[in-house]
Amino acid sequence: MSYAIITLGGKQYRVREGERLLVDKLSTDEGSTFEPRVLLVGGDGTTDLSPTTTVTARVVGHQLGEKIRIGKYKKRTGYRKHNGYRSRLTQIQIESIGGTAKKAAPAKKAETPKAEAPKAETPKAAAPKAEAAAEAPARTAHPPKGYEDMTVAQISEAAAGWRRPNLEAALEYEQANAKRKGAIAALESALAAKDGDS
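Position 49 of the sequence shown, counting from 1, maps to 48 under numbering that gives the first Met the number 0, and the rest follow consecutively.
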C-alpha cells in the first residue's frame, strides 16, 4: 500500500512510509511507537474504505509551533490589548503501513576519542605547565557592557560604581572613538575619586 489516511486528535492526515509530520500534542512519550486509527488505505489505483491494516508511527519529539500574535483594538477609547499564542505540537514519523516496517539506516555516531585516565603528574611535568600559565597573556579590561550605547548623562551616573580597570578601558575607548567631552570628564573624575579612596 502506498498511502493511508489516519485520524489523530480529530484531524485527518494523508501519510506515507518514512514521512514526518507535525500533529497536535500527543500524550505519548518521545521515542515510543503507537498505532493511530486508519480510515482509508490506497495505492496502485485501488482504495480500501474499511481497512484492516495498521499504521505504526513513532514520536520523534514535542515542540512549540510558530508564535501567533493577537491584537485587539477599539477606536476612540484607547483600548489596545496584545497577546501571543504558540500551539503545542508533536512530530511523528510513519514507520510502516500494513505491518511491513522499513528498517531505518542506523545513525552514524560521531567518533569521539576515548578519554584517558589522568596520569599522576611528576614534578618535571608540572614545571612546564606553571611556565605556560605564567606566559599566558593577562586579561584585558573592557568598557562595561552596553557602554557604546550609553549617553553622557548615563555614563556620569554609572561611572562611580564601575571598577578601576573598566573605567580606564572606557576612558581609552572614549578618547580613541567617540571623543565626547562630558563623558571624558565624568570618567576622569570617577578615576580621581578611585585614586583618592586608595
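Glycine is no exception: its CB is placed at the ideal position from the N, C-alpha and C atoms.
Residue i - DSSP class collapsed to helix/strand/coil
{"i": "Lys71", "result": "strand"}
{"i": "Arg15", "result": "coil"}
{"i": "Leu48", "result": "coil"}
{"i": "Ser1", "result": "coil"}
{"i": "Ala140", "result": "coil"}
{"i": "Ser155", "result": "helix"}
{"i": "Leu38", "result": "strand"}
{"i": "Glu94", "result": "strand"}
{"i": "Leu88", "result": "strand"}
{"i": "Lys193", "result": "helix"}
{"i": "Lys180", "result": "helix"}
{"i": "Leu25", "result": "coil"}
{"i": "Arg226", "result": "Because the chain spans 0 through 197 in this model, residue 226 falls outside it and cannot be assessed."}
{"i": "Ala104", "result": "Any reading at Ala104 must be qualified, since the residue scores a pLDDT of 49, below 50, and its modelled position is unreliable; no value is offered."}
Short Cβ contact (8 Å threshold) for residue i with residue j
{"i": "Val242", "j": "Ile91", "result": "In this structure the chain extends from 0 to 197, so residue 242 is not present and cannot be described."}
{"i": "Ser1", "j": "Asp43", "result": "yes"}
{"i": "Val54", "j": "Glu34", "result": "yes"}
{"i": "Ala56", "j": "Thr89", "result": "no"}
{"i": "Lys66", "j": "Gly83", "result": "yes"}
{"i": "Leu63", "j": "Pro50", "result": "no"}
{"i": "Ala184", "j": "Trp161", "result": "no"}
{"i": "Gly9", "j": "Val22", "result": "no"}
Rounded C-alpha distance that separates residue i from residue j
{"i": "Ala104", "j": "Gly17", "result": "Its pLDDT being 49, under 50, Ala104 is placed unreliably by the model, and nothing is read from it."}
{"i": "Glu94", "j": "Lys24", "result": "19 Å"}
{"i": "Asp194", "j": "Leu166", "result": "12 Å"}
{"i": "Gly41", "j": "Ile96", "result": "10 Å"}
{"i": "Lys80", "j": "Ser86", "result": "20 Å"}
{"i": "Thr27", "j": "Pro143", "result": "48 Å"}
{"i": "Glu29", "j": "Leu186", "result": "56 Å"}
{"i": "Ala191", "j": "Ala140", "result": "18 Å"}
{"i": "Thr6", "j": "Ile69", "result": "29 Å"}
{"i": "Ala158", "j": "Tyr78", "result": "41 Å"}
{"i": "Ala175", "j": "Ala168", "result": "11 Å"}
{"i": "Thr45", "j": "Thr52", "result": "14 Å"}
{"i": "Gln11", "j": "His61", "result": "19 Å"}
{"i": "Val151", "j": "Arg179", "result": "8 Å"}
{"i": "Arg163", "j": "Thr76", "result": "53 Å"}
{"i": "Asp148", "j": "Ser155", "result": "14 Å"}
{"i": "Arg19", "j": "Tyr146", "result": "47 Å"}
Residue i - partner residues in DSSP beta bridges
{"i": "Lys10", "result": "Leu7"}
{"i": "Thr53", "result": "Thr53 is not bridged to any residue."}
{"i": "Val59", "result": "According to DSSP, Val59 bridges with nothing at all."}
{"i": "Leu20", "result": "Ile91"}
Whole-Å CB distance - residue i paired with residue j, under 8 Å assumed
{"i": "Glu171", "j": "Ala182", "result": "Wrong, their Cβ atoms sit about 12 Å apart, outside the cutoff."}
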